[in-house]
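S.K.: Structure provided below as structure tokens; questions to follow.
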Amino acid sequence: ERAIELHVQRSLSSDALEVSAILDDYLAGYHAHYPADLVVERFDIMSDLIEGRIFLLLENGASGLVLVLAVLFLFLNARVAFWVAMGIPVSLAAMLAVLWLFGMSINMISLFAMLLAIGIVVDDAIVVGEHATSLRERGMSAEGAAELGALRMMAPVTSATLTTIAAFLPLMVIGDIIGDIIREIPVVVIFVLLASLVECLLVLPTHMRLALRHQQTVESGFRKRFNDGFMRFRERTFRVLLERAIAWRYVTVAVAIGALIIAIGLMASGRVPFVFFDGPEADRIEANLSMAPGTSRMQTVGALEVIDRALREAAAESSAMGEDVIVMSLARIGEAVSEVPGVPQSTGNNVGGLDIEIVSSDLRDVRTIELIEAWRRKLPPIAGLDTLTIKERRGGPPGRELDIRLRGDIDIARLKDAALELRAIVERLPGVSQLEDDLAYGKEEVLVELLPRGEAMGFTTESVGRQLRDAFEGAVARRFARGDEEVEIKVRFDAEARADPTLGRFLLRSPSGEEVALGEVASLRDERGFSRIQRRDGLREVAVTGELDEALIRLEQVREAIDGDVAELARRYGLDVYHAGRAEEQSNTLADIRLGAIVGLTLIYIILAWVFGSFSRPVAVMLVIPFGLVGAVAGHLVMGFNMSILSLVTLLGLSGILVNDSIILVSTIDEKLAGGGDPHSAIIDGTLDRFRAVLLTSLTTIGGLAPLLFETSFQALFLQPMAVTLCFGLAVTT
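Right under this line is the structure:
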């Protein structure tokens, strides 16, 4: 059935859910004013996806909050745990204020930052509250314990907050689309941490004084059993493990280095694959075709109908839902379904596409890639078909996964030959499909080249071209005004003369007024032209693009396999070669991450040097940072996720969180040494004293993200690598 497609887009300041609700209200009363057989269907509604993802993260956030509170009330008495937990709503209020202040919205990324913040914001309060509780248990008054706990922990807590901010701050320098995606994370985390620090040092001590003053002198049965069990574990099991680790320090260091080497090896070997951007499964499929030049509109429509029937047959066989798995199939004639940035698309009657929406990934029994593969198998041969590409429309950075550009000042036909050779080189690799280039053939053309005789008669290329254009397109004979418009009268050959294939008999008028046949003064050569020729920096350019099955081959492997052959091809044709699309985005983002890592680590070192008053001790503390990679790689391996660019971005932020526990630990050891203890005893006693606080800060951060870690919805796949990196990285380094 014929259809008209109407795009409704919100303004930058509008709420997507509100706009969708307004549209639904309008459509509800639409049929009262139009014929009943006029069907109006909603298609590709982004607000539905946004609403589902927001609900998903709010649900996980509520579960994470429950886990964080459970950990607090398990390890601390109820009054202390309550006031420590009160930092969470204060910090969340700060998050909402920051989003409003910076003009940001509540979306999937800002809500993920909220999940991360739930666990982090209580870290400072845990350290202060736990230390005050320890002082109270040693017999100090409630007022003294609350005040001294805050004073002693002020420097380490402040420095721990600053190191975390220093780690997240460089995330703001990441540019391009990845920077746009993660922009809310550093902004939210930084301001939430600052709000948490203020609440921890200025508000919490007053509440702790009241909580400790009314602390129960007689513990409940569960509390007593848990505390006794924890103390036995700390004094027996953990103390022995700690003393053995110190006594066998060379073995401990060797094991740690070995684990780091194994983690690096797992990534380098591809056992833990790296994928630039691993987005959620798409609910949209695009099929774009290009027929032979000159194909009529009706022939293109017929080809699209064949392709659509193949889709429905594939859906019926591959899914228990049958054709119901297809929500909408919309055909377009004259243009592709969507344009890939940087890759020009052809237009015309020989070009078309299908835009398909399928049931949400969580509600169907067939994966998108499986449906596409079944669709391709069902496709019959189509007469006149030049190219056909079928792919899912996934989120993330724009551009094709494989996009190689050839550029140079050479003949257009040789540039096409080079593109075809490049396609042949890439096509032999497994996992590469849907190769095409954007230098598409057009209609047949006649090339006119002036002969010496024509030049001798005074003809020029310009004069011959002008006479041909006037004859076939028309020359203006007269202009006159009609009302407010100017009307042109053109004179040209009639239709029969324009269709005459014997162009060589066309009569030209020489500068001297003599008439001569075109074939006598110029050579004529038939050639197949090109529908579009691209230039960049004044040079002709062609893009060879394709899709990669990342289960079989990655972009880095493609480049390694073809670099030698491509360099030889470029040398023979005199061309420059460069990678665009997602490869270009990946290169730029990795460069930004390297810069961010240097800036972040430098800031962390400066902060630690200020706290410890030493240039060497910060290095010892920062040695824990590389082992976050061990946990991240182990987590991706165990959970079955690919490492992605978001995993690396999260590692950068994780580096600040990892040194926090070390700062608290080293500060306590320094206090023991200042009290006259020997180094060995100070290390043992200081570690045992801070064992509960360190364990609590790690467990609350992990607890805040744990529900997302085990979320089964396909929409959570986008964020789960970040949760894996944080949870496993923190668990291993703790």
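Take the position in the sequence shown, starting the count at 1, then add 5; the result is the number in the numbering used here.
Built from N, CA and C at the ideal position, the CB exists for glycine as well.
From a predicted model like this one, the values you see are computed outputs, not experimental measurements.
1. So, at 7 Å on beta carbons, what are the nonlocal neighbours of ARG302 in its own chain, with the 5 sequence-adjacent residues on each side left out?
2. Would you kindly check if the distance between the Cβ of VAL132 and the Cβ of PRO94 is under 9 Å?
3. Check whether the segment 706-715 touches the segment 729-736, taking contact to mean three or more Cβ pairs, one atom from each stretch, closer than 8 Å.
4. Provide the residue(s) that pair with VAL258 in DSSP beta bridges, ordered along the chain.
5. Taking only the alpha-carbon atoms, compute the straight-line gap between PHE173 and PRO191 and give it to the nearest angstrom.
6. DSSP state of VAL45, grouped into three classes?
7. In the DSSP output, what is ASP185 paired with across the bridge?
8. When the Cα atoms are used, what is the spatial distance from MET326 to GLU286?
9. Under 9 Å between the Cβ atoms of ALA171 and GLY569?
10. Verify whether the separation of the beta carbon atoms of VAL629 and VAL664 is less than 9 Å.
11. Taking all protein chains shown into account, do 16 or more other C-beta atoms lie within 10 angstroms of the C-beta of PHE281, making it buried, or fewer, making it exposed?
12. Would you mind reading off the limits of the beta strand (DSSP E) that contains HIS584?
13. Here's a check: name, in chain order, each residue in its chain whose Cβ is nearer than 7 Å to the Cβ of GLY579, leaving out the five neighbours to either side.
14. From which residue to which residue does the alpha helix (DSSP H) around ASN593 run?
15. So, at 7 Å on beta carbons, what are the nonlocal neighbours of ILE745 in its own chain, with the 5 sequence-adjacent residues on each side left out?
16. Along the chain, where does the alpha helix (DSSP H) containing ALA109 start, and where does it finish?
17. Under three-state DSSP, which class holds ASN761?
18. With distances taken Cα to Cα, identify the nearest neighbour of GLY357 among PRO385, ASP391, VAL332 and ILE363.
19. How is GLU716 classed by DSSP in three states: helix, strand or coil?
20. Cβ of MET627 within 9 Å of Cβ of VAL638?
21. From ASP690 to LEU670, what does the alpha carbon distance come to, in whole angstroms?
22. If I'm right that LEU159 touches LEU206 with Cβ under 8 Å, what's the distance once you round it to whole angstroms?
23. Helix, strand or coil for PHE723 per DSSP?
24. If you check the beta carbons only, do ALA99 and VAL13 fall under 9 Å apart?
25. Between the Cα of ARG559 and those of THR655, GLY618, SER592 and VAL437, spot the shortest distance and give me the residue it belongs to.
26. How about MET113 and ALA151: do their beta carbons lie closer than 9 Å?
27. Provide the residue span of the beta strand (DSSP E) that contains GLU441, from first to last.
28. By DSSP, does THR730 sit in helix, in strand, or in coil?
29. Any contact of the segment 668-683 with the segment 38-58, i.e. 3+ C-beta pairs under 8 Å?
30. If you measure between the beta carbons of SER334 and LEU376, is that distance less than 9 Å?
31. Over what stretch of residues does the beta strand (DSSP E) that includes ALA486 continue unbroken?
32. I believe LEU292 touches ILE374 by the beta-carbon criterion, under 8 Å. Please report the beta-carbon distance rounded to the nearest angstrom.
33. Check whether the Cβ atoms of LEU574 and ILE417 lie closer than 9 Å to each other.
34. So what does DSSP say about GLY551, is it helix, strand or coil?
35. If LEU411 sits next to ALA423, beta carbons under 8 Å apart, how far is it from one beta carbon to the other, in whole angstroms?
36. Assuming contact is defined by CB atoms lying nearer than 9 Å, are PHE107 and SER366 in contact in what I supplied?
M.R.: With the structure as the only source:
1. The sequence position of residue 302 within the sequence shown is 297, counting from 1. Excluding sequence neighbours, ARG302 sits near ILE338 and ASN354.
2. Your numbering for residue 94 matches position 89 in the sequence shown. Your numbering for residue 132 matches position 127 in the sequence shown. No. Outside cutoff.
3. yes
4. In the sequence shown, residue 258 corresponds to position 253, counting from 1. Note: VAL258 sits in no beta bridge, so no partner.
5. As a working note, residue 173 is residue 168 in the sequence shown. As a working note, residue 191 is residue 186 in the sequence shown. Answer to the nearest angstrom: the Cα atoms are 5 Å apart.
6. Position 40 of the sequence shown, counted from the first residue, corresponds to residue 45. Three-state result, VAL45: coil.
7. Against the sequence shown, residue 185 aligns to sequence position 180. DSSP output for ASP185 lists no bridge partner at all.
8. Looking up residue 326 in the sequence shown gives position 321. Looking up residue 286 in the sequence shown gives position 281. Approximately 18 Å between the Cα atoms of the pair.
9. By one-based count along the sequence shown, residue 171 stands at place 166. By one-based count along the sequence shown, residue 569 stands at place 564. Cβ atoms of ALA171 and GLY569: not closer than 9 Å.
10. For this step, residue 629 is matched to residue 624 along the sequence shown. For this step, residue 664 is matched to residue 659 along the sequence shown. Contact flag set, yes.
11. As a first step, residue 281 must be located in the sequence shown, where it is residue number 276. Buried.
12. As a first step, residue 584 is located in the sequence shown; it is residue number 579 there, counting from the start. HIS584 -> beta strand (DSSP E) spans 581-584.
13. Start at 1 with the first residue of the sequence shown, and residue 579 comes out as number 574. For GLY579, where only same-chain residues beyond five positions count, the Cβ hits under 7 Å are GLY413 and ILE415.
14. Translated into the one-based positions of the sequence shown, residue 593 becomes position 588. Where ASN593 is concerned, the enclosing alpha helix (DSSP H) stretches over 587-617.
15. Here the chain covers residues 6 to 739 and nothing more, so residue 745 does not appear.
16. For the purposes of this step, residue 109 is identified with residue 104 of the sequence shown, where counting begins at 1. Reading off the sequence shown, one finds Met at residue 109, where the question assumed Ala. Segment: none, MET109 is in no alpha helix (DSSP H) and carries neither H nor E.
17. Because residue 761 is not part of the residues shown, which for the chain are 6 to 739, the question remains open.
18. Reading the sequence shown from its first residue, position 352 is the one you call residue 357. Of the listed residues, the one whose Cα sits closest to GLY357 is ASP391.
19. As a first step, residue 716 is located in the sequence shown; it is residue number 711 there, counting from the start. Note: GLU716 maps to coil in three-state DSSP.
20. Counting from one through the sequence shown, the residue named residue 627 turns up at place 622. Counting from one through the sequence shown, the residue named residue 638 turns up at place 633. No, the Cβ-Cβ distance between MET627 and VAL638 is not below 9 Å.
21. For the purposes of this step, residue 690 is taken as residue 685 along the sequence shown, with counting starting at 1. For the purposes of this step, residue 670 is taken as residue 665 along the sequence shown, with counting starting at 1. Roughly 10 Å separates the two Cα atoms.
22. Within the sequence shown, the letter at position 154 stands for residue 159. Within the sequence shown, the letter at position 201 stands for residue 206. Before going further, note that residue 159 is Met rather than Leu in the sequence given. That pair is a contact at about 6 Å.
23. One-based indexing of the sequence shown puts residue 723 at position 718. Correct three-state label for PHE723: coil.
24. As a working mapping, residue 99 is identified with position 94 in the sequence shown. As a working mapping, residue 13 is identified with position 8 in the sequence shown. No, the Cβ-Cβ distance between ALA99 and VAL13 is not below 9 Å.
25. As a working mapping, residue 559 is identified with position 554 in the sequence shown. With distances taken between Cα atoms, ARG559 lies closest to VAL437.
26. Numbered from 1 along the sequence shown, position 108 holds the residue referred to as residue 113. Numbered from 1 along the sequence shown, position 146 holds the residue referred to as residue 151. The Cβ atoms of MET113 and ALA151 lie no closer than 9 Å to each other.
27. In the sequence shown, the residue the question calls residue 441 occupies position 436. Here the beta strand (DSSP E) through GLU441 covers 437-442.
28. Numbered from 1 along the sequence shown, position 725 holds the residue referred to as residue 730. The answer is helix: DSSP assigns THR730 an H, G or I state.
29. Output reads no: the segment 38-58 does not touch the segment 668-683.
30. Within the sequence shown, residue 334 is the residue found at index 329, counting from 1. Within the sequence shown, residue 376 is the residue found at index 371, counting from 1. No; because the gap between Cβ atoms is not below 9 Å, this pair is not in contact.
31. As a position in the sequence shown, residue 486 is number 481, starting the count at 1. Per DSSP, ALA486 belongs to the beta strand (DSSP E) from 480-487.
32. Sequence index remark: in the sequence shown, residue 292 carries index 287 (1-based). Sequence index remark: in the sequence shown, residue 374 carries index 369 (1-based). Sequence inspection shows Ala at residue 292; the Leu mentioned does not correspond to that position. The distance from the Cβ of ALA292 to that of ILE374 is about 14 Å, inconsistent with a contact at the 8 Å cut-off.
33. Mapped onto the sequence shown, residue 574 falls at position 569. Mapped onto the sequence shown, residue 417 falls at position 412. For LEU574 and ILE417, no; Cβs fall outside 9 Å.
34. Position 546 of the sequence shown, counted from the start, is the residue given in the question as residue 551. Correct three-state label for GLY551: strand.
35. To locate residue 411, count along the sequence shown from 1; it is residue 406. To locate residue 423, count along the sequence shown from 1; it is residue 418. Contact flag correct, Cβ pair sits at about 5 Å.
36. Sequence index remark: in the sequence shown, residue 107 carries index 102 (1-based). Sequence index remark: in the sequence shown, residue 366 carries index 361 (1-based). Judged by their CB atoms, PHE107 and SER366 are not nearer to each other than the 9 Å cut-off.
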